[in-house]
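Protein chains in written order, with our numbering: chain A, 1 to 425; chain B, 1 to 425. Even for Gly, the Cβ is constructed at its ideal location relative to N, Cα and C. Just so you know, these numbers come straight off a predicted model, no measurement behind them.
2 protein chains.
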Amino acid sequence: MADKKKKRRQTDPDSDSESETLPFKKLLKPDSTILSTLKTLATASSTAGTSSAANPITLSSLSLSSTCREVTDLPLSSVQSHIETLALSLAHSILAGNGFSFSVPSRSSVNQLYVPELDRIVLKHKTSTRPYANVATVRKTTITTRIMQLVHQLCLKNIHVTKRDLFYTDVKLFQDQTQSDAVLDDVSTILGCTRSSLNVVAAEKGVVVGRLIFSDNGDMIDCTKMGMGGKAIPPNIDRVGDMQSDALFILLVEKDAAYMRLAEDRFYNRFPCIIVTAKGQPDVATRLFLRKMKLELKLPVLALVDSDPYGLKILSVYGCGSKNMSYDSANLTTPDIKWLGIRPSDLDKYKIPEQCRLPMTEQDIKTGKDLLEEDFVKKNPGWVEELNIMVKTKQKAEIQALSSFGFQYLSEVYLPLKLQQKDWL
Amino acid sequence: MADKKKKRRQTDPDSDSESETLPFKKLLKPDSTILSTLKTLATASSTAGTSSAANPITLSSLSLSSTCREVTDLPLSSVQSHIETLALSLAHSILAGNGFSFSVPSRSSVNQLYVPELDRIVLKHKTSTRPYANVATVRKTTITTRIMQLVHQLCLKNIHVTKRDLFYTDVKLFQDQTQSDAVLDDVSTILGCTRSSLNVVAAEKGVVVGRLIFSDNGDMIDCTKMGMGGKAIPPNIDRVGDMQSDALFILLVEKDAAYMRLAEDRFYNRFPCIIVTAKGQPDVATRLFLRKMKLELKLPVLALVDSDPYGLKILSVYGCGSKNMSYDSANLTTPDIKWLGIRPSDLDKYKIPEQCRLPMTEQDIKTGKDLLEEDFVKKNPGWVEELNIMVKTKQKAEIQALSSFGFQYLSEVYLPLKLQQKDWL
């Protein structure tokens, strides 16, 4: 028994028969070859970044600044003085005997526009007047004034709070949180700044690991030294800075389980990269963090999502924003994310076993067809083709389906081969 | 205008009128007084730890080892040899012409027992036989064998996977994940080890910040230098080690928003502590992490949860386990957690405004009454009293309700006062 056990132990798991029979493993070239492919990609991405930084496409360069609007990140002192200036003008209006009102940009879908050149949704010019001296609007005007006052307090104290905190400061007035939340978005558009500029932050749920160093609230964080758990992405992007990296790309992962596999295998040491996940639906903090990495480090972003309509939808939220925060799209979205996998064509290409594929539900198929009508899909013929395969075959698959070839198939074969073959769209 | 602005800026937010009128702020003694209170608490806790470590209460010291069972943490090599020994005995049985079967401890509720001395739920001695040569059990026996084989692979490779990964390695056999998940728990009890010993981990969602240094997969992490985001708690507790701390207590927080407030204010620097949250329902990784901190650092654990039945339920999951993982309760639970707040009696004591209290639903009240029947509540008269107040007043409140006194009321008044008055149960 002892001998037997010893013998079994000597079989190196890396060279055992299972690994040799792993599908497609023999297609893999040496890592050095794959790395030079990635270097070309990273260089192209950083050059593209430079040229577009020199001549960035903006609403005004498209002659849209008079008809469309976006909000920008503002420093806290500017938010404070904006509020003070606005308060002063309201006081003047009241003293002149005119009462007061706010001019609120409309955030409804008829006032939204997809701008292909920017690859983002922006707001058109429609605004509505919110007068105090009107039975229909007096409540909302009061709430707007109160929220402005609370945000002004946050500016003075230089602290961050959540939407929930904001609601609880005056439950009697706000009545329920949807009311204070909605007015908070109004205040963003009135002041022309992002919600994070107002120091109102969302709960964080993303994590990051790999070749990235950054500062969080003054502390320097080295993400190669964050073990397997990784670093929790901070909720307040304005206290994140000093990003440095020797990575060649950013790997955006939809799911926690795939993230864990890559973190434990320290995939980022074999192929220098930064691995980030929001564990499902992207939250604002993770979207802001990804955008900041992309812009500051000028790295290509490759996305690893489930092969189903929701995977692509998640990719689209990172890429061009969600509709209910369209006024903020410029600050939340990361341009030019590549769809690495799992793509519908991968299912046959990588011979994913039938029993690991799942039939799409009616709702899945409808969502898939709806996506085919979206501008952000239509502008990428490769994506249209993939999505067509999905709705035609009516099959979906999770990233975890790759485990059917072995637990480490994702990090040892699938991803290296994808990178080697530049197989992204 | 410029003068006006300057003047306003000079008003120090810490000494402004709002802070002076903060309810109960004038009751606060100097921090040094509160710190000496906490030192007494920490000393008491570490002494209690030592004495119970010298004479730990176990199933066998209670003469229950023949009638009850628990699983323990086993090193990977022991799990491997357990599986090999079992496989060998099955082979002998087959060669002797007897076929083979597994003896599986029952995890049903009739086989569960709450042991007051241990303050945990354990399994009684009932087992069932799972023979291969029986139409009723052949499928489950096959699945059991397959899961053992997969766990054995994990031992050889020394990697961690999720339950989902495990399922996808053989979808054809497992059919759906509930089947592989259930058998995985069976395998834990058959081998007498915890699920984390099998290297099958759950997704992490907890974060930790404050006066703690530990190693995650070989990297040393200093949680005072994790900014506001904090460190994500690793999914695999067996790669966590070398815990060091100069904290006086562990602050267990139910909600993300409260965690953020305390992290941004660096509460742990004013009152040396470790702040940990699972962001809602406790996950296995956070429970294991909390337990390890408590045992290694011998620090008292104070819990800050919502004042509703779910807050107390969450506390109970950390404290004495959830029913569906009762076989693993000894390894997942943290003994002697104190209920710091928000307690039902705090609502009046701290004059939480009526509009920030929420009426309990019928379901809430039922859950509250059910809790009153639970052993872990009954053994603590203070908890019973609080819970009685809750179901009598039919009012609940979130931690965030404290924001009605100002965003930083939690960190500047409520918690310091609670600590000063040793107001925990």
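- Judged by DSSP secondary structure, residue 127/B falls within the beta strand (DSSP E) whose first and last residues are 127-131.
- Comparing alpha-carbon positions, the option among 81/B, 156/B, 109/B and 310/B lying closest to residue 361/B turns out to be 310/B.
- Contact note: residue 178/B does not reach chain A at a C-beta cutoff of 8 Å; the least C-beta distance is about 15 Å.
- Interface residue (Cβ-Cβ distance to chain A less than 8 Å): residue 165/B is classified as such.
- Using a CB distance cut-off of 8 Å, residue 395/B does not count as an interface residue toward chain A.
- Contact between the region 189-200 of chain A and the region 184-191 of chain B is absent: fewer than 3 CB-CB pairs across the two stretches fall below 8 Å.
- Residue 219/B reaches chain A at 225, 226 and 227, counting residues in chain order whose Cβ is nearer than 7 Å.
- In this structure, residue 369/A lies near residue 391/A, with their beta-carbon atoms less than 8 Å apart.
- Remark: fewer than three beta-carbon pairs, one from each stretch, lie closer than 8 Å, so the region 203-221 of chain B and the region 177-186 of chain B are not flagged as touching.
- Interface annotation, residue 293/A: not in contact with chain B, CB-CB separation never under 8 Å.
- Rounded to whole angstroms, residue 322/A and residue 300/A show a C-alpha spacing of 22 Å.
- Residue-level contact check: residue 125/A does not touch chain B, since none of the beta carbons of chain B fall below 8 Å from its beta carbon.
- Taking a beta-carbon distance threshold of 8 Å, residue 341/B does not count as an interface residue toward chain A.
- For the pair residue 302/B and residue 252/B, the CB atoms are nearer than the 8 Å cut-off.
- Minimum Cα-Cα distance from residue 31/A among the listed residues 280/A, 270/A and 421/A corresponds to 270/A.
- Taking the C-beta atoms as reference points, residue 421/A is found no nearer than 8 Å to residue 265/A.
- Comparing alpha carbon positions, the residue from 199/A, 227/A, 334/A and 90/A closest to residue 250/A is 334/A.
- Rounded to whole angstroms, the separation of the alpha carbons of residue 85/A and residue 113/A is 30 Å.
- The beta carbon of residue 123/B lies closer than 8 Å to those of 68, 69, 70, 105, 106, 107, 111, 112, 113, 189, 326 and 327 in the same chain, with the five residues before and after it left out.
- Excluding its 5 nearest sequence neighbours in each direction, residue 272/B has C-beta neighbours in its own chain below 7 Å: 211, 246, 247 and 248, listed in chain order.
- Within chain A, the C-beta atoms nearer than 8 Å to that of residue 232/B come from 207, 226, 229, 230, 231 and 232, in chain order.
- Contacts with chain B (Cβ-Cβ distance below 9 Å) from the region 382-409 of chain A involve 398, 400, 401, 402, 403, 404, 405, 406, 407 and 408, listed in chain order.
- For a Cβ distance threshold of 8 Å, residue set 227 and 228 of chain B lies close to residue 239/A, ordered along the chain.
- The beta carbon of residue 92/B does not come within 8 Å of any beta carbon belonging to chain A, so the residue lies off that interface.
- CA-to-CA, the gap between residue 218/A and residue 279/B works out to about 24 Å.
- In terms of beta-carbon proximity, residue 159/A lines the interface with chain B, with at least one pair separated by less than 8 Å.
- Proximity of chain A to residue 349/B at the Cβ level (cut-off 8 Å) is not reached, the minimal Cβ distance being about 18 Å.
- At a cut-off of 8 Å between beta-carbon atoms, residue 355/A makes contact with chain B.
- Judged by their CB atoms, residue 237/B and residue 285/B are nearer to each other than the 8 Å cut-off.
- Around the CB of residue 138/A, fewer than 16 other CB atoms lie within 10 Å, so the residue is classed as exposed.
- In terms of beta-carbon proximity, residue 286/B stays away from the interface with chain A, with every pair separated by 8 Å or more.
- A contact is defined here as three or more CB-CB pairs under 8 Å, and the region 40-48 of chain B fails this definition with respect to the region 75-91 of chain B.
- For residue 67/B, no chain A residue has a C-beta closer than 9 Å to its own C-beta; the minimum C-beta separation is roughly 33 Å.
- Identification of chain A residues near residue 264/B by a Cβ-Cβ cut-off of 8 Å yields 159, 160, 217 and 236, ordered along the chain.
- In the same chain as residue 221/B, and ignoring 5 residues on each side of it, the C-beta atoms closer than 6 Å to its own belong to 214 and 231, in chain order.
- Between the beta-carbon of residue 24/B and that of residue 350/B there is about 7 Å, and that keeps the pair under the 8 Å contact cut.
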